[in-house]
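Mind the numbering: the sequence shown is residues -11 to 643 in the working numbering, read in order.
Idealized CB from N, CA, C, for every residue including glycine.
Note that the structure is a prediction, hence the values are computed from the model and not measured.
Structure record follows, encoded as structure tokens.
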Amino acid sequence: MRLTRVPGLLFGGDYNPEQWPEEVWAEDVRLMAEAGVTMATVAVFSWSRLEPAPGAYDFGWLDRVLDLLHEHGVSADLATATATPPPWLVRRHPEVMPVDAQGVRLEFGSRQGYCPSSPIFREHAVRLATAIATRYAEHPALAMWHVGNEYADHTLECFCPESARHFRAWLQTRYGTVGALNTAWGTSCWGQHYTGFEQIEPPRKAPGPVNPAQLLDWRRFCSDALLELFTAERDALRQVTPAVPVTTNFMSILHGLDYWSWAAAEDLVSDDAYPDPADPESHVAVALSYDLMRSLKQRPWLLLESAPSAVSWREVNVPKPPGMMRLHSLQAVAHGADGVMFFQWRQAKYGPEKFHSALLPHGGTETRGWQDTLRLGADLRRLAEVAGTGTRAEVALVLDWDSWWGLEAPESMPSNRLKLKDLLLAWYAPLHARGISVDLAPPDRDLSAYRVVIAPNLYLCTAEQAKSLASVTGELVVGPFSGVVDESDQVHDGGAPGPLRDLLGVAIDEFWPLPDGSTQRVRHDGGDAGLARTWVEWPRVVGDAVEVLARYEGGDLDGLPAITRNGNATYVSCLLDDVTPVLDRVLHAVPAIDVPPGVEATRRENHLFLLNHTGTPQQVALPHPGRDLLTDTDLRGVISLAPRDAVVLRIEGDT
-11 MRLTRVPGLL
-1 FGGDYNPEQW
9 PEEVWAEDVR
19 LMAEAGVTMA
29 TVAVFSWSRL
39 EPAPGAYDFG
49 WLDRVLDLLH
59 EHGVSADLAT
69 ATATPPPWLV
79 RRHPEVMPVD
89 AQGVRLEFGS
99 RQGYCPSSPI
109 FREHAVRLAT
119 AIATRYAEHP
129 ALAMWHVGNE
139 YADHTLECFC
149 PESARHFRAW
159 LQTRYGTVGA
169 LNTAWGTSCW
179 GQHYTGFEQI
189 EPPRKAPGPV
199 NPAQLLDWRR
209 FCSDALLELF
219 TAERDALRQV
229 TPAVPVTTNF
239 MSILHGLDYW
249 SWAAAEDLVS
259 DDAYPDPADP
269 ESHVAVALSY
279 DLMRSLKQRP
289 WLLLESAPSA
299 VSWREVNVPK
309 PPGMMRLHSL
319 QAVAHGADGV
329 MFFQWRQAKY
339 GPEKFHSALL
349 PHGGTETRGW
359 QDTLRLGADL
369 RRLAEVAGTG
379 TRAEVALVLD
389 WDSWWGLEAP
399 ESMPSNRLKL
409 KDLLLAWYAP
419 LHARGISVDL
429 APPDRDLSAY
439 RVVIAPNLYL
449 CTAEQAKSLA
459 SVTGELVVGP
469 FSGVVDESDQ
479 VHDGGAPGPL
489 RDLLGVAIDE
499 FWPLPDGSTQ
509 RVRHDGGDAG
519 LARTWVEWPR
529 VVGDAVEVLA
539 RYEGGDLDGL
549 PAITRNGNAT
559 YVSCLLDDVT
569 PVLDRVLHAV
579 PAIDVPPGVE
589 ATRRENHLFL
599 LNHTGTPQQV
609 ALPHPGRDLL
619 TDTDLRGVIS
629 LAPRDAVVLR
639 IEGDT
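Laid out in structure tokens, this is it:
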């Protein structure tokens, strides 16, 4: 399945011609054609240029840009330009600017300066989107629509009176009556009983801890409020151009937005990813986020922003060494991306991102960066046949945003050290090292097709979600602090693991978080010992057929079950330093690929990607012979993979 009408793998970047004299544009498009650029993202931050006064549009310059792109074979990911409102809108209606939790209204001068609930902002944004769609509906350069930009990057929430009104309306739709809300929120605690929805405000700064159920609903509301803003523009675009796909760029595994809901509202998934070149393990975390992007709609996706080299927003902005730009790009393709785009095309001369790298650096075509651009464009053309292919994963990691929001409530938890991304990575990293493809899935999805399903944490678990996990026919692994509360953040009757009790065959008498720096020894039934950190529990076996796979050794929990198995369901009641002993038990039916540490192996149908993320040559035994698309050579047996180099093997036959 192609993302757009553009064939092959997409390649290009954000193009901001309004930052440059018009005489530069001709050079830009000429060099784009030389580099093999197939698509450019245009007009993301151009509202003030496209509508310099209310209702007065200036499309002439954008007409010329799109015409130039099309003449040189470059399609447009055309933005609705609503990522930042123009100064005239803010000065006429200062109430469109967001208010923080302390009641301070933020000032104009950066980006995303809007309240997600503002009807004034929404009205003007939809009007502009409609005007742009009407203007360019038939333009031959138009390949896809780009709504907003990186929602929730700077503005996730707003605490102004308009947001309060919107929040109350959202709550009334969710609960119907204030009595139902009182029951769900447990307002009899600390005397918070409401007698009318008009009494409810956003969770602004308060004298003490805020009701965690209110915070959970606030997180849900903030995600939904921004989604309403997106869908308002999406609907306007679809009204005019129903056949043109609509996207907005996600931000990898983002806490603030429920991407399951967001992905369902767009035509294709796109992502922005900026792994840190200074972190030798960053390729593992970004692979996890790429697998999420592929899993959101279970089809190919688009890497819409990445960095050719250094970024401009870290404390120390380390450049990418030779080969890393290409390697990172091929990694995205390996995990299901049907294109690699960058921020940005021409390196900026001014502004906050003037030191952010670009496909065309400050030094022009004599630079190392430009040579990297040319090489990557050629490589992506060689990999054109990969576009549209899928990934078959036999392992799923469960990810639920409601549970994540509840788990990381800022106060009133047994430990604030439990972070969902860390829990996901603890299981994902060893799977990634074995070359095992992984899907991410919400707990209510049909999971019966997977041989192994792992829920690293499901703090919030409903009866319906428990039923879904119980329907898993393969191996099921559930991590600690799961099944603790219901959808209203209320502790399940009988305590954890709540509706998972019969499935897991255990009950948790007490949570036992560990202080920083301390450990708990865990002895596996094979005799090997490991360590747990941060979190352990005092479990009690309640199932007749439960097998104890590991016990705590030493300390107050000495002899208690640490890891148990009930039928096909394994429960791990602690955070292990190494989950390999558990994986060794459950992965017996899942084929792996043996590669050296630091070498990544992943497949898209009959294409095997081998990526060397280390700075030294690695010897890799090919599991199958095949033809390397990057060098057009046949390979078999053991090969030497150069530092930060890659092989993309087309494997013939059914493997």
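Do you know how far the Cα of residue j is from the Cα of residue i?
i, j, result
"Asp212", "Glu221", "14 Å"
"Gly327", "Gln202", "40 Å"
"His154", "Val560", "41 Å"
"Met401", "Ile496", "16 Å"
"Gln514", "Gly91", "In the sequence as displayed, the identity of residue 514 is Gly instead of Gln. Going by the C-alpha atoms only, they are around 58 Å apart."
"Gln335", "Val466", "47 Å"
"Gly351", "Ala454", "58 Å"
"Ala89", "Lys193", "6 Å"
"Ala366", "Ser425", "27 Å"
"Leu564", "Arg162", "39 Å"
"Gly547", "Val440", "28 Å"
"Leu464", "Pro268", "31 Å"
"Val304", "Ala113", "36 Å"
"Leu371", "Ala64", "21 Å"
"Trp178", "Asn445", "29 Å"
"Asp246", "Gln160", "21 Å"
"Val524", "Ala129", "57 Å"
"Lys337", "Ala298", "15 Å"
"Thr68", "Val479", "44 Å"
"Tyr182", "Val587", "57 Å"
Considering Cα atoms alone, identify which of the options is closest to residue i.
i, options, result
"Asp504", "Arg521, Asp513, Asp497", "Arg521"
"Arg615", "Glu373, Ser425, Glu535, Asp279", "Glu373"
"Trp173", "Ala152, Met281, Val198, Glu150", "Val198"
"Ala589", "Pro444, Tyr559, Pro611, Trp415", "Pro611"
"Trp389", "Asn4, Phe209, His271, Pro5", "Phe209"
"Ala261", "Tyr278, Trp250, Cys177", "Tyr278"
"Trp49", "Gln7, Leu385, Gly462", "Gln7"
"Ser470", "Asp544, Glu463, Val460, Gly483", "Gly483"
"Ala28", "Ile241, Ala550, Gln180, Val(-6)", "Val(-6)"
"Ala31", "Glu22, Val536, Tyr3, Thr229", "Tyr3"
"Glu535", "Ala517, Leu545, Thr558", "Thr558"
"Glu640", "Asn137, Val608, Leu623", "Leu623"
"Phe109", "Leu276, Pro86, Ala131", "Pro86"
"Gly423", "Leu159, Gln319, Ser297", "Gln319"
"Leu537", "Val570, Leu19, Ala384", "Val570"
"Met20", "Ile188, His512, Gly542, Leu347", "Leu347"
"Glu111", "Phe47, Tyr438, Gly43, Ala125", "Gly43"
"Leu214", "Val232, Gly603, Thr229, Thr236", "Thr236"
"Gly167", "Glu22, Ile627, Gln187, Ser456", "Gln187"
"Leu66", "Cys103, Arg93, Asn137, Asn404", "Asn137"
"Phe33", "Trp415, Ile627, Thr70", "Thr70"
How about residue i and residue j: are their beta carbons less than 8 Å apart?
i, j, result
"Trp13", "Val53", "yes"
"Arg592", "Thr379", "yes"
"Leu502", "Arg509", "no"
"Leu645", "Leu(-3)", "Given a span of -11 to 643 for the chain in the structure shown, any question on residue 645 remains unanswerable."
"Pro613", "Ala630", "no"
"Pro265", "Met312", "yes"
"Val494", "Pro527", "yes"
"Val17", "Leu(-9)", "no"
"Phe238", "Met281", "yes"
"Leu291", "Ala251", "no"
"Leu648", "Arg632", "Because the chain spans -11 through 643 in this model, residue 648 falls outside it and cannot be assessed."
"Asp529", "Thr552", "One point to set straight first is that residue 529 is Val, not Asp, in the sequence displayed. Yes, Cβ-Cβ distance for Val529 and Thr552 is below 8 Å."
"Val78", "Gly101", "yes"
"Arg573", "Arg539", "no"
"Ser317", "Ser300", "no"
"Phe597", "Ala322", "yes"
Report yes or no: do the stretch 117 to 129 and the stretch 138 to 150 share at least 3 C-beta pairs separated by less than 8 Å?
Remark: fewer than three beta-carbon pairs, one from each stretch, lie closer than 8 Å, so the stretch 117 to 129 and the stretch 138 to 150 are not flagged as touching.
Can we say the stretch 64 to 76 touches the stretch 37 to 44, given the rule of at least three CB pairs closer than 8 Å?
As far as the Cβ criterion goes, the stretch 64 to 76 touches the stretch 37 to 44, which means the pair count is three or higher.
For the stretch 581 to 635, list the beta strand (DSSP E) runs that are entirely contained and at least 3 residues long, ordered along the chain.
As far as the stretch 581 to 635 is concerned, its whole beta strand (DSSP E) runs of at least 3 residues are 587 to 592, 595 to 600, 606 to 609, 614 to 616, 621 to 623, 626 to 629.
Counting pairs of Cβ atoms below 8 Å between the stretch 483 to 496 and the stretch 441 to 457, do you hit three or more?
As far as the Cβ criterion goes, the stretch 483 to 496 touches the stretch 441 to 457, which means the pair count is three or higher.
Whether or not the stretch 398 to 418 and the stretch 353 to 371 are in contact is what I'm after, with contact meaning three or more pairs of Cβ atoms, one per stretch, closer than 8 Å; do they touch?
Touching, no, given that fewer than three Cβ pairs across the two stretches are closer than 8 Å.
Inter-stretch contact (C-beta, 8 Å, three-pair minimum) for the stretch 217 to 233 and the stretch 158 to 177:
The stretch 217 to 233 vs the stretch 158 to 177: no contact.
Contained alpha helix (DSSP H) runs [length at least 4] in the stretch 218 to 270, N- to C-terminal order:
Correct list: 247 to 252.
In chain order, each alpha helix (DSSP H) run of at least 4 residues that lies wholly inside the stretch 39 to 124
Counting whole runs of 4 or more residues, the stretch 39 to 124 contains the alpha helix (DSSP H) stretches 48 to 59, 75 to 80, 107 to 124.
At 3 residues or longer, what runs of the beta strand (DSSP E) sit wholly inside the stretch 381 to 430?
Whole beta strand (DSSP E) segments, 3+ residues: 383 to 386, 426 to 429.
Identify every run of the alpha helix (DSSP H) within the stretch 462 to 503, keeping only runs that are complete inside it and at least 4 residues long; order them along the chain.
Qualifying alpha helix (DSSP H) stretches, in chain order: 489 to 492.
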